[in-house]
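Okay, so here's the structure we're looking at.
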Amino acid sequence: MRWTSLFSPTLRDAPGDAEAESHKLLVRGGYIRQLHSGHYILLPLAHRVRKKIIAIIEEEMNNIGGQQVQMPTLQPASSWQKSGRWESMGEIMFRLEDRHGAEVALGVTAEEIFAIVGSEITSYKQLPQMWYQIHTKYRDEARPKSGLLRVREFTMKDAYSFDLDEEGLDISFKLQHEAYTRIFNRMDLEAIPVEASSGNMGGSDSVEFMVRADSGEDETVICTSCGYGANIEKALSYLEPVNDEKGADKPEKFATPGIRTIADLAESGHPASNQIKTMVYVIDGQITLALVRGDHQLNEQKLADATGAVLLRQARSEETLDFLGAEPGSLGAVGVSDCPILVDSALKGRSDMVTGANENDYHFSGVTVERDIEVGEWVDLREVQSGDLCSTCKEPLDIVPTIESGHIFKLGTKYAETFGVSVLDENGKNRTVVMGSYGIGVERALATIVETHFDGKGIIWPLAVAPFQVLITIVQPKNEENVRIGEEIYASLLNLGVEVLLDDRDARPGVKFADAELIGIPYRVTVGPKGIADGVVEFVPRSSGEATLVPIGETPAHIAEIIKSAK
RNA sequence: CGGGUAGUGGCGCAGGUUGGUAGCGCGCCUCGUUCGGGACGAGGAGGUCGUGGGUUCAAAUCCCGCCUACCCGACCA
Numbered sequence: 126m127r128w129t130s131l132f133s134p135t136l137r138d139a140p141g142d143a144e145a146e147s148h149k150l151l152v153r154g155g156y157i158r159q160l161h162s163g164h165y166i167l168l169p170l171a172h173r174v175r176k177k178i179i180a181i182i183e184e185e186m187n188n189i190g191g192q193q194v195q196m197p198t199l200q201p202a203s204s205w206q207k208s209g210r211w212e213s214m215g216e217i218m219f220r221l222e223d224r225h226g227a228e229v230a231l232g233v234t235a236e237e238i239f240a241i242v243g244s245e246i247t248s249y250k251q252l253p254q255m256w257y258q259i260h261t262k263y264r265d266e267a268r269p270k271s272g273l274l275r276v277r278e279f280t281m282k283d284a285y286s287f288d289l290d291e292e293g294l295d296i297s298f299k300l301q302h303e304a305y306t307r308i309f310n311r312m313d314l315e316a317i318p319v320e321a322s323s324g325n326m327g328g329s330d331s332v333e334f335m336v337r338a339d340s341g342e343d344e345t346v347i348c349t350s351c352g353y354g355a356n357i358e359k360a361l362s363y364l365e366p367v368n369d370e371k372g373a374d375k376p377e378k379f380a381t382p383g384i385r386t387i388a389d390l391a392e393s394g395h396p397a398s399n400q401i402k403t404m405v406y407v408i409d410g411q412i413t414l415a416l417v418r419g420d421h422q423l424n425e426q427k428l429a430d431a432t433g434a435v436l437l438r439q440a441r442s443e444e445t446l447d448f449l450g451a452e453p454g455s456l457g458a459v460g461v462s463d464c465p466i467l468v469d470s471a472l473k474g475r476s477d478m479v480t481g482a483n484e485n486d487y488h489f490s491g492v493t494v495e496r497d498i499e500v501g502e503w504v505d506l507r508e509v510q511s512g513d514l515c516s517t518c519k520e521p522l523d524i525v526p527t528i529e530s531g532h533i534f535k536l537g538t539k540y541a542e543t544f545g546v547s548v549l550d551e552n553g554k555n556r557t558v559v560m561g562s563y564g565i566g567v568e569r570a571l572a573t574i575v576e577t578h579f580d581g582k583g584i585i586w587p588l589a590v591a592p593f594q595v596l597i598t599i600v601q602p603k604n605e606e607n608v609r610i611g612e613e614i615y616a617s618l619l620n621l622g623v624e625v626l627l628d629d630r631d632a633r634p635g636v637k638f639a640d641a642e643l644i645g646i647p648y649r650v651t652v653g654p655k656g657i658a659d660g661v662v663e664f665v666p667r668s669s670g671e672a673t674l675v676p677i678g679e680t681p682a683h684i685a686e687i688i689k690s691a692k
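All the letters of the first sequence, read from the start, carry residue numbers 126 to 692 under my numbering.
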């Protein structure tokens, strides 16, 4: 490819509203342009990177027995209604009507559709099956942001496994896990596999592949000592045991005029760790109390997971007043029996605690949790705080921002049951198939690579995904000899199968060097009069910026060798 | 969805309070001089000032509505 025929409009300044590095650099480098919020045009350079990423994913999927298919993007409401996700997907789903008034949706994910086809599997002899597609997904995100990192239309590799039983699923899951590790390695992304919440996907287990980046939106808890890692929506930490006084025989009401916060109550002599924080939620229409220790934070995803909630929100102040008879700041669960009460495990065995009395300006002291509160269920609701100790090795935990680059789920039989995916086993018995689903966002991976591979001058692509492997810069485009040598090396490299871009523009060297560094091609060959006088060209890896001199005649073979050995 | 900011040529911005010829840098085109780290000179092209309405002799500027985008939060597979 010659730069003079490449459309790559580079910019000196990033758009004023871009924040994320990948967003700035991809726009500046002429890789992407925004059409509207959450929808991006991929220009030729980005399209080449996207194809490289897809090729890597396809190879690794095929290696573990994946069969590529293609599902429709426009899907009937009926399939989503059957699984209940027509409702639970909420506003994330783009919905429309066809000319007959039939409701359809743009594909958000495809468990339902794959399960529908999966129902044609009839015998255990056909199992296991692993199917995948690389296709466009549509999600009406509340807030698209950060360039390609969070968009409303993107390419996803989604794979689905079908197995006879849990053991089979474990194997499929492990194969995918290993394939993901290889995929991210090949893209030079340090993806940490962590325990994750399954959200509304359902199923037993899920693992997210997280890449550390400042622009990451997910908080991941990691232990640098023992390697523990979990999404904060799932993470656990060690909790120092507490020895409480036995306290009073029954809760004692006392006046706390004007005191509405944990902190205020703590000032008046009741440490936050001896308080019970009562939070009121409306979960699928049901008022529910969630209790955590006063100095702990509740994680809403944990609450959602514990309750299987589809719609979860904090109760409005008037709902709380109506139901408990007091306003936030004076709430408690003592004596409450007409709603579910979920209690964080950290409150187990605690006594002599303080909590709201459901009467404005009054609290109870001497509360023994198990005696005085009708605990519906003990669950983990507490959010890990920075500095908490690892429950495995007791070393301090870190909480780091990460980008979710992949997510794999053990779905179990949730979709298989609904859609009747079952086979006859060797005894002629009907068995529901066990499914898994596995996703990677392609453009997010692209942006994530940029987030982790850049310097002050621009992008530094890993060789495996770079739009071109080599860039030849002709320093003096008006010098015949300079052009001739550049062209010769270009032609030879093409012959050797190297992906090479020839900067044949009639521009000053400074401009060409700056653009070369901005777009981030891994290797540059600088062909200019200085070197030619000595019979050499300069070979410059983008990552180090350090030039080595290579005799002109040996250049193509030299480069081809470096690229071959770098693979 | 709540809070905030902003829409002026391809990109970055000024102008707006005090209404009166729409400006600057970069980029783009032509010519010349340059040519190993974003050159210089001369001459050019390119703008319904997001949009609809209102006030006014006159609106980029003042008033009202709407749209769009971004940032923070909520939310999110």
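Using N, Cα and C, we set each Cβ at its ideal position, and we do this for glycine too.
No experiment lies behind these values; they were computed from the predicted model shown.
Contacting residues, own chain, Cβ-Cβ under 7 Å from residue i (five flanking each side not counted)
i, result
"Leu160", "Ile166"
"Glu144", "Ser271"
Classification of residue i by the beta-carbon crowding that lies within 10 angstroms, buried from 16 upward
i, result
"Asp223", "exposed"
"Ala338", "buried"
"Arg137", "exposed"
"Ala691", "exposed"
"Ser476", "buried"
"Gln400", "buried"
"Lys519", "exposed"
"Ser147", "buried"
"Asn620", "exposed"
"Phe593", "buried"
"Asn552", "exposed"
"Glu576", "buried"
"Gln200", "buried"
"Val417", "buried"
"Thr247", "exposed"
Helix, strand or coil at residue i according to DSSP, with G and I counted as helix
i, result
"Glu144", "coil"
"Ile610", "helix"
"Lys603", "coil"
"Asp631", "coil"
"Gln193", "strand"
"Ala284", "strand"
"Met618", "Looking at the sequence provided, one finds Leu at residue 618 rather than Met. Helix, per DSSP."
"Lys207", "helix"
"Tyr697", "No statement about residue 697 is possible, as the shown extent of the chain runs from 126 to 692 and does not include it."
"Leu170", "helix"
"Val661", "strand"
"Val229", "strand"
"Lys638", "Residue 638 is actually Phe in this sequence, not Lys. In the structure shown, Phe638 sits in a helix (DSSP, three-state: H, G or I)."
"Pro396", "coil"
"Lys177", "helix"
"Arg153", "helix"
CA nearest to the CA of residue i, picked from the options
i, options, result
"Ser286", "Glu551, Gly561, Ala360, Ile317", "Gly561"
"Phe489", "Cys348, Gly141, Gly372, Glu146", "Gly372"
"Val548", "Leu252, Asp469, Ile574", "Leu252"
"Asp369", "Thr381, Pro396, Thr413, Ala355", "Pro396"
"Phe284", "Val558, His532, Asp463", "According to the sequence provided, residue 284 is Ala. The question's Phe does not apply to it. Out of Val558, His532, Asp463, His532 has the C-alpha closest to the C-alpha of Ala284."
"Phe309", "Tyr615, Arg569, Pro592", "Arg569"
"Leu274", "Ser617, Ile565, Ile585, Thr386", "Ile565"
"Leu360", "Ser162, Glu508, Asn187", "One detail in the question is off: residue 360 reads as Ala in this sequence, not Leu. With distances taken between Cα atoms, Ala360 lies closest to Glu508."
"Tyr563", "Ala145, Gly141, Thr306, Arg153", "Thr306"
"Ile597", "Val623, Cys518, Asp580", "Val623"
"Asp374", "Pro676, Asp497, Gly419", "Asp497"
"Thr573", "Pro681, Leu151, Ser130", "Leu151"
"Ala482", "Ala451, Leu472, Gln510, Val494", "Ala451"
"Val189", "His302, Ile677, Asp389, Gly454", "Note on residue identity: the sequence assigns Ile, not Val, to residue 189. When each option's Cα is compared against that of Ile189, the closest is His302."
"Ala316", "Leu416, Lys402, Gly352", "Gly352"
Cutoff 8 Å; reference residue i; Cβ partners in own chain excluding five residues on either side
i, result
"Gly155", "Phe132, Ser133, Pro134, Thr135, Leu136, Leu168, Leu170, Ile644"
"Gly501", "Pro465, Ile466, Leu467, Val468"
"Val567", "Arg175, Ile178, Ile179, Ile182, Ile259, Phe279, Thr280, Met281, Lys282"
"Asp343", "Glu333, Met335, Asn356, Ile357, Pro526, Thr527, Ile528, Glu529"
"Asp550", "Tyr249, Leu289, Arg556"
"Ile657", "Glu606, Asn607, Ile610, Ile677"
Neighbourhood of residue i by C-beta, 6 Å cutoff - its chain only, sequence neighbours within 5 removed
i, result
"Arg438", "Val407"
"Ile412", "Phe448, Cys464"
message = Just to confirm the assignment: which complete beta strand (DSSP E) runs, minimum length 3, are found wholly within the region 323-384?
response = 330-337, 343-347, 354-356, 377-380
request  = Ignoring anything shorter than 4 residues or poking outside the region 400-482, list the alpha helix (DSSP H) runs there in chain order.
outcome  = 425-432, 442-449
ask   = Which full runs of the alpha helix (DSSP H) of 4+ residues lie inside the region 548-590, going along the chain?
value = 567-577
ask   = If you scan the region 471-548 from start to end, which runs of the beta strand (DSSP E) of 3 or more residues do you find wholly inside it?
value = 478-481, 487-492, 502-504, 523-537
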